[in-house]
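K.L.:
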Amino acid sequence: MVVPLYHILAFSGLLFTIGVVGVLFRRNAIIVFMSVEIMLNAVNLAFVAFSRYHGNVNGQVFVFFIMTLAAAEVAVGLAIIISLYRNLRTSDISEIRLMKY
Amino acid sequence: MTAVLFYLFAALLLGAALFVVLNRNPIYSVVGLVFAFMNLAAMYFLLEAYFIGVLQVLVYAGAIMVLFLFVVMLLNVQPDRPRPGLIHPDRWWFGLVALIFVGLFMLLIGQGVRALLTSPAEDAAGMGSVANVGEALFTRFLLPFEIASLLLTVALVGTVFLAKKKV
Amino acid sequence: MAETLYLITLFPLLGFLINGLVGRWLSEKQSGFIASLAVLGSFLVSAQLLLAFLALPAEERLLTQTLFSWIHVGDLNIQVGYRFDPLSAVMTLVVSGVGLLIHIYSIGYMRGDPGVRRYFSFLNLFTFMMLNLVLADNLVLMFLGWEGVGLCSYLLIGFWFEDEAKARAGMKAFIINRIGDAGFIVAMILLYHQFGTLSISEIAQAAPGAQIGRGFFTAATLLMFLGAMGKSAQIPLHVWLPDAMAGPTPVSALIHAATMVTAGVYLIARNSVLFSLAPATMSTVAAIGIITAFFAATIAITQNDIKKVLAYSTISQLGYMFTAVGVGAFSAGMFHLMTHAFFKGLLFLGVGSVIHGLKGEQDLGKMGGLKERLPTTHWTMLVGVLAIAGIPGLSGFFSKEEILWAAFSRDFSWIWLMGVITAGLTAFYMFRLLFRAFYGKAAWEGAHQPHESPSVMTIPLVLLAFLSILGGYVGIPEALGGINQFHHFLEPVLAVYPGVGATAQYPSQGLELLLMGVSTVVVLGGVYYAYRVYVQQPTLADDLAQRLGFLHRLSFNKYFVDEAYHLLIVRPFQALAEGLWKWFDIKVVDGAVNGSGHAITMISGAIRRVQSGLIQHYASIILLGVIFILIYLYIG
Chain V
2 MVVPLYHILA FSGLLFTIGV VGVLFRRNAI IVFMSVEIML NAVNLAFVAF
52 SRYHGNVNGQ VFVFFIMTLA AAEVAVGLAI IISLYRNLRT SDISEIRLMK
102 Y
Chain W
28 MTAVLFYLFA ALLLGAALFV VLNRNPIYSV VGLVFAFMNL AAMYFLLEAY
78 FIGVLQVLVY AGAIMVLFLF VVMLLNVQPD RPRPGLIHPD RWWFGLVALI
128 FVGLFMLLIG QGVRALLTSP AEDAAGMGSV ANVGEALFTR FLLPFEIASL
178 LLTVALVGTV FLAKKKV
Chain G
-13 MAETLYLITL FPLLGFLING LVGRWLSEKQ SGFIASLAVL GSFLVSAQLL
37 LAFLALPAEE RLLTQTLFSW IHVGDLNIQV GYRFDPLSAV MTLVVSGVGL
87 LIHIYSIGYM RGDPGVRRYF SFLNLFTFMM LNLVLADNLV LMFLGWEGVG
137 LCSYLLIGFW FEDEAKARAG MKAFIINRIG DAGFIVAMIL LYHQFGTLSI
187 SEIAQAAPGA QIGRGFFTAA TLLMFLGAMG KSAQIPLHVW LPDAMAGPTP
237 VSALIHAATM VTAGVYLIAR NSVLFSLAPA TMSTVAAIGI ITAFFAATIA
287 ITQNDIKKVL AYSTISQLGY MFTAVGVGAF SAGMFHLMTH AFFKGLLFLG
337 VGSVIHGLKG EQDLGKMGGL KERLPTTHWT MLVGVLAIAG IPGLSGFFSK
387 EEILWAAFSR DFSWIWLMGV ITAGLTAFYM FRLLFRAFYG KAAWEGAHQP
437 HESPSVMTIP LVLLAFLSIL GGYVGIPEAL GGINQFHHFL EPVLAVYPGV
487 GATAQYPSQG LELLLMGVST VVVLGGVYYA YRVYVQQPTL ADDLAQRLGF
537 LHRLSFNKYF VDEAYHLLIV RPFQALAEGL WKWFDIKVVD GAVNGSGHAI
587 TMISGAIRRV QSGLIQHYAS IILLGVIFIL IYLYIG
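Chains as they are written, first to last, in this note's numbering: chain V, 2 to 102; chain W, 28 to 194; chain G, -13 to 622.
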């Protein structure tokens, strides 16, 4: 039995939504970040699935780049969080409201 | 056979993701995410994307999550204190938004995507090998490749600078 | 020859510009000299043109010059054009001639005043405007001059503007003038609408044959007369003239005696064709004229301010002029305009000399005994008083008699009667002024001794005195053996008004002589009575004032007209303005403006809350955007 494409796509969407929920609802900055990673990976899955089902390797190349980007982003993001923590003594997002009106 | 395995790994992945998002202790979340990534790598292998699968383990689970772990332990992040309900009371509408999002996405997929292929391509076995992807990378996608390396350099410098105690 | 017409108005304009722009670097004498020179230029050009006229036959006495096209909108084409015919010739010479003498006089009178250059530039500007008014060949240019002289009147009345009362007097004059001007404008609109042109000569040609009802002409001319009433201070728009005495005395002489106030009479004479087509208006003009003449005279007999006496006298004499044109004797009105310019100008300048000699005193009660100290002033003023009273032999006699005879011979006997009584009153109050100022006991205070004025002031007085005597001899009526050259000179350009009943030439010179005698007797009676009250028995004045207490109070307070206006018009307007301010401006307008600002502040206060600083809020809004895109894709 073969897994239909739209099954994988639906699953990818679900995973993405879980990531969105994590971003919107968690107060810890690091958890929020991890949720973003979940979202990225969901997209990766979709890309790979498309690549397999079309017989084209371009999808996987794109995933390669996404991963590279994700790595860079995580590095910089965590550095920012560390820096924030040093100044504000907290990693709670709801207390980082410097740009409030 | 591969289909069954696929669904298995998918279920595990889903569970792990939920665990990451819903757990109070950040260390547990990090570990949970590692587990999720492993499952995802397995799914990649089942989709004949070997190179990507390996990269997933090496880069994501191996490097990125380690970084996360380091930061969590560095900042000594404490588990969230128990609260009446994990959903913050005044952010209930976020849930509504997310629900609508899921619904719409599903609808879209369900409706427009039914015309998609249901079975994988015929002569595509082994297309995700290192050699194949490498060949694509270094010929057709050379420029993005080089720019990506530039990006990594920039990120490297930036991270070092940002995390310093004193400039 | 007609090419020199523009010089008449150009010279004063240049004088105005020079004194206005570079005046501060000129000395007082230079400033006055330039101004006088400008008016002299106008006078010489006008005189030369007049002499040329006299050599021409009557039908050819017309010079026109069009300078440039001023307003050109659609079908409306207004030129700046001048028309020099006998009527405007008379006016031009009077304005520039008397004006010249007054300019020269001012050099002495205004000496030492810090605003001397401003004074002369305004005086020149006035002359420019007045000459434009007189020479204009179309109503719009005339109106420009009309407004211009009103402006200059305002500027010169309020010349010493640091004194608030004087400044207010200027404003009063201007505002009341405006009421009249509104009438003038509406009249212009009516005429343009009917005739399609505003050229005076074209209207005069088209009017008699036009197929329109009397009502149109009555309306248009009544509105024009409204303008004349404002400008020439006829009842009920006369109230500004006494207040206008706040200005320097030469200004009172020039503007409020000799020239500007006569513009109304000129307007009617100029448009005599139109007026003669509206008998209703003519009767109104005559009626208002004689009533004004009478009532102003009754006020003048009790006034103590020497300039106010002359002001009411001017109003009264203007009333005579309007009476004349109202009964159709246009040339008689112009004749009186001319002689009045001479003797009233003389009287004002003489009074100015007295005021100058007494260092500013204007109260008759504080004068007296000046006969020896100001001899030239005294003798010239005596001539002026004789002239205005209408003593036979002087100019005023001839012009006044012509008016009275015109009224009588056209069956306006009641006007004649009132005119004669007014003449008696005129004689009375003028001699009262003379006696109280120059004769009797000296009542002036202060250590300074009144002195005669310098010759730059007294020479114009003497010249005007000569004109007051001789000026009438161009109009000697046939009943006395003359040929009335003045009337014949103006005849070609003035309409012939049929009058009620008889023709203009009543076939009885004997009756005319008889009436002349009657009025002379009345006049002499007035003189004698003044002599008795003010020279023989000075206490008689106060006795009379007490016995006729109520009447005296009425007269002294000018019949309370100003107070009535204030109560009925000024106060309601002020209340309205204040109400509009307090309610409409503050509540509605400010409310709307402030309110909109307030509303925006409220709205922004609400919208501001989007910027919460929470990343998750921002993320959810982004997600919302994605949802909208998905919806769009789903629908589309």
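Note that beta-carbon positions come from the ideal geometry of N, C-alpha and C, so glycine has one too. It should be emphasised that the depicted structure is a prediction, and the values quoted were computed from it without experimental measurement.
Among the candidates G/Glu388, G/Ile341 and G/Phe280, whose CA atom is the shortest distance from the CA of G/Leu497?
P.N.:
In the third sequence, the residue the question calls residue 497 of chain G occupies position 511. Closest by alpha carbon: G/Glu388.
K.L.:
If you drop the 5 nearest sequence neighbours on each side, which residues of the same chain put their C-beta closer than 7 Å to that of G/Ile221?
P.N.:
The residue labelled residue 221 of chain G in the question sits at position 235 within the third sequence. Only Ile274, Ile277, Thr278 and Phe281 meet the Cβ criterion.
K.L.:
Exposed or buried, what is G/Tyr620 when buried is set at 16 or more other beta-carbons lying within 10 Å of its beta-carbon?
P.N.:
Numbered from its first residue, the third sequence carries residue 620 of chain G at position 634. G/Tyr620 should be labelled exposed.
K.L.:
On the premise that V/Val22 lies in contact with W/Val48, defined as a C-beta separation below 8 Å, what is that separation, rounded to the nearest angstrom?
P.N.:
Position 21 of the second sequence, counted from the first residue, corresponds to residue 48 of chain W. Position 21 of the first sequence, counted from the first residue, corresponds to residue 22 of chain V. That belief holds up - the Cβ atoms of W/Val48 and V/Val22 are roughly 6 Å apart, short of 8 Å.
K.L.:
Check the Cβ of V/Ala50 against every Cβ in chain W and list those closer than 8 Å, keeping chain order.
P.N.:
Within the first sequence, the letter at position 49 stands for residue 50 of chain V. Simply Leu74.
K.L.:
Are G/Leu480 and G/Phe316 closer than 8 Å when you measure CB to CB?
P.N.:
In the third sequence, counting from the first residue as 1, residue 480 of chain G sits at position 494. In the third sequence, counting from the first residue as 1, residue 316 of chain G sits at position 330. Contact flag set, yes.
K.L.:
Compute the distance between the beta-carbons of G/Val369 and G/Ile455, then report whether it is under 8 Å.
P.N.:
Position 383 of the third sequence, counted from the first residue, corresponds to residue 369 of chain G. Position 469 of the third sequence, counted from the first residue, corresponds to residue 455 of chain G. Yes, they are a contact pair.
K.L.:
Answer with buried or exposed for G/Arg539, where buried requires no fewer than 16 other C-beta atoms within 10 angstroms of its C-beta.
P.N.:
In the third sequence, residue 539 of chain G corresponds to position 553, counting from 1. So G/Arg539 ends up on the exposed side.
K.L.:
Going by other Cβ atoms of all chains shown within 10 Å of its Cβ, with 16 needed for buried, is V/Ser178 buried or exposed?
P.N.:
Because chain V is modelled from 2 through 102, residue 178 of chain V falls outside the range shown and cannot be assessed.
K.L.:
If you run the structure through DSSP and keep just helix, strand and coil, what is G/Val59?
P.N.:
The residue given as residue 59 of chain G occupies position 73 in the third sequence. Looking at G/Val59 - three-state DSSP - the assignment turns out to be strand.
K.L.:
Give the straight-line distance between the Cα atoms of G/Phe414 and G/Val513, rounded to the nearest whole angstrom.
P.N.:
In the third sequence, the residue the question calls residue 414 of chain G occupies position 428. In the third sequence, the residue the question calls residue 513 of chain G occupies position 527. Using only the alpha carbons, I get a separation of about 5 Å.
K.L.:
Thinking just about the alpha-carbon of each residue, which of G/Ala249, G/Ala153 and G/Leu208 is nearest to the one in G/Ser262?
P.N.:
Along the third sequence, one-based indexing puts residue 262 of chain G at 276. Nearest of G/Ala249, G/Ala153 and G/Leu208 to G/Ser262, Cα basis: G/Leu208.
K.L.:
Which class does G/Tyr68 belong to by DSSP, given the choice of helix, strand or coil?
P.N.:
In the third sequence, the residue the question calls residue 68 of chain G occupies position 82. In this structure, G/Tyr68 counts as strand in the three-state DSSP scheme.
K.L.:
Taking Cβ to Cβ, would you say G/Leu223 is nearer than 8 Å to G/Met231?
P.N.:
For the purposes of this step, residue 223 of chain G is taken as the residue at position 237 of the third sequence. For the purposes of this step, residue 231 of chain G is taken as the residue at position 245 of the third sequence. Result no, Cβ atoms of G/Leu223 and G/Met231 do not sit closer than 8 Å.
K.L.:
Which ranges would you report for the alpha helix (DSSP H) in the segment 275 to 339 of chain G if only whole runs of at least 4 residues count?
P.N.:
With a minimum length of 4 residues, the continuous alpha helix (DSSP H) runs that stay inside the segment 275 to 339 of chain G are 292 to 312.
K.L.:
Excluding sequence positions up to five away, which residues of its chain have a Cβ less than 7 Å from the Cβ of G/Gly511?
P.N.:
Here residue 511 of chain G refers to the residue found at position 525 when the third sequence is read from its first residue. Gly410, listed in sequence order.
K.L.:
Quick check on the burial criterion: 16 or more other C-beta atoms within 10 angstroms. Buried or exposed for W/Ala38?
P.N.:
In the second sequence, residue 38 of chain W corresponds to position 11, counting from 1. That one is exposed.
K.L.:
Less than 8 Å between the C-beta atoms of G/Ala423 and G/Ile292, yes or no?
P.N.:
One-based indexing of the third sequence puts residue 423 of chain G at position 437. One-based indexing of the third sequence puts residue 292 of chain G at position 306. Taking 8 Å as the Cβ cut-off, G/Ala423 and G/Ile292 qualify as a contacting pair.
K.L.:
Determine contact between the segment 73 to 82 of chain G and the segment 97 to 104 of chain G, defined as no fewer than three beta-carbon pairs at a distance below 8 Å.
P.N.:
No, the segment 73 to 82 of chain G is not in contact with the segment 97 to 104 of chain G.
K.L.:
Could one say the Cβ of G/Ala605 lies closer than 8 Å to chain V's Cβ atoms, at least one of them?
P.N.:
Indexing the third sequence from 1 puts residue 605 of chain G at position 619. At least one chain V Cβ lies under 8 Å of G/Ala605.
K.L.:
So, under 8 Å CB-CB, G/Gly405 and G/Leu390 are touching, yes? Tell me the CB distance rounded to an integer number of Å.
P.N.:
Against the third sequence, residue 405 of chain G aligns to sequence position 419. Against the third sequence, residue 390 of chain G aligns to sequence position 404. Their Cβ separation, rounded to whole angstroms, is 5 Å, which keeps G/Gly405 and G/Leu390 in contact under 8 Å.
K.L.:
Given W/Leu67, which residues of its chain have a CB within under 7 Å of its CB, disregarding the five upstream and five downstream residues?
P.N.:
Counting from one through the second sequence, the residue named residue 67 of chain W turns up at place 40. Closer than 7 Å at the Cβ level, and outside the excluded window around W/Leu67, lie Leu40 and Gln83.
K.L.:
If you draw a straight line from the alpha carbon of V/Gly14 to that of G/Ile613, how long is it in whole angstroms?
P.N.:
Your numbering for residue 14 of chain V matches position 13 in the first sequence. Your numbering for residue 613 of chain G matches position 627 in the third sequence. Cα to Cα, the separation comes out at about 13 Å.
K.L.:
Can you look up G/Ala193 in the DSSP assignment and give me helix, strand or coil?
P.N.:
Position 207 of the third sequence holds residue 193 of chain G. Residue state, collapsed to three classes: coil.
K.L.:
Are the beta-carbon atoms of G/Phe329 and G/Ala373 separated by less than 8 Å?
P.N.:
Here residue 329 of chain G refers to the residue found at position 343 of the third sequence. Here residue 373 of chain G refers to the residue found at position 387 of the third sequence. The answer is yes: Cβ separation under 8 Å.
K.L.:
Using only CA atoms, which one of G/Leu111, G/Ser238 and G/His326 lies nearest to G/Gly131?
P.N.:
Here residue 131 of chain G refers to the residue found at position 145 when the third sequence is read from its first residue. Per the Cα distances, G/Leu111.
K.L.:
Spatial neighbours of G/Gly134 within its chain, please: CB distance less than 6 Å, with the 5 preceding and 5 following residues excluded, ordered by chain position.
P.N.:
Reading the third sequence from its first residue, position 148 is the one you call residue 134 of chain G. The residues are Met115.
K.L.:
Residues of the segment 77 to 94 of chain V in Cβ contact with chain G at a cutoff of 7 Å, in chain order, please.
P.N.:
Within the segment 77 to 94 of chain V, the qualifying residues are Ile94.
K.L.:
How about W/Gly155: is its C-beta nearer than 8 Å to some C-beta of chain V?
P.N.:
Stepping through the second sequence from its first residue, residue 155 of chain W is reached at position 128. By this cut-off, W/Gly155 is an interface position.
K.L.:
8 Å is my cut-off, CB to CB: does W/Leu131 come that close to chain G?
P.N.:
Working through the second sequence from its first residue, we reach residue 131 of chain W at position 104. Output row for W/Leu131: interface = yes.
K.L.:
Cβ of G/Ala(-12) within 8 Å of Cβ of G/Thr50?
P.N.:
Position 2 of the third sequence, counted from the start, is the residue given in the question as residue -12 of chain G. Position 64 of the third sequence, counted from the start, is the residue given in the question as residue 50 of chain G. Cβ atoms of G/Ala(-12) and G/Thr50: closer than 8 Å.
K.L.:
Note the first and the last residue of the continuous alpha helix (DSSP H) segment covering G/Phe546.
P.N.:
The residue you call residue 546 of chain G lines up with position 560 of the third sequence. G/Phe546 -> no alpha helix (DSSP H), and no H or E assigned at all.
K.L.:
Is the Cβ of W/Tyr55 closer than 8 Å to any Cβ of chain V?
P.N.:
As a position in the second sequence, residue 55 of chain W is number 28, starting the count at 1. Chain V contact via Cβ: absent.
K.L.:
Distance, Cα to Cα, G/Gln65 vs G/Val295?
P.N.:
Residue mapping note: residue 65 of chain G aligns to position 79 of the third sequence, counting from 1. Residue mapping note: residue 295 of chain G aligns to position 309 of the third sequence, counting from 1. Whole-angstrom Cα-Cα distance: 42 Å.
K.L.:
Could you please tell me which residues of the segment 156 to 168 of chain W, in chain order, have their CB closer than 7 Å to any CB of chain V?
P.N.:
Residues passing the 7 Å Cβ filter: Asn159, Val160, Ala163, Leu164 and Phe168.
K.L.:
Just the C-alpha distance for V/Glu38 and V/Ala71, rounded to the nearest angstrom, thanks.
P.N.:
Residue numbering aside, residue 38 of chain V sits at position 37 when the first sequence is read from its first letter. Residue numbering aside, residue 71 of chain V sits at position 70 when the first sequence is read from its first letter. Approximately 8 Å, taken between the alpha carbons.
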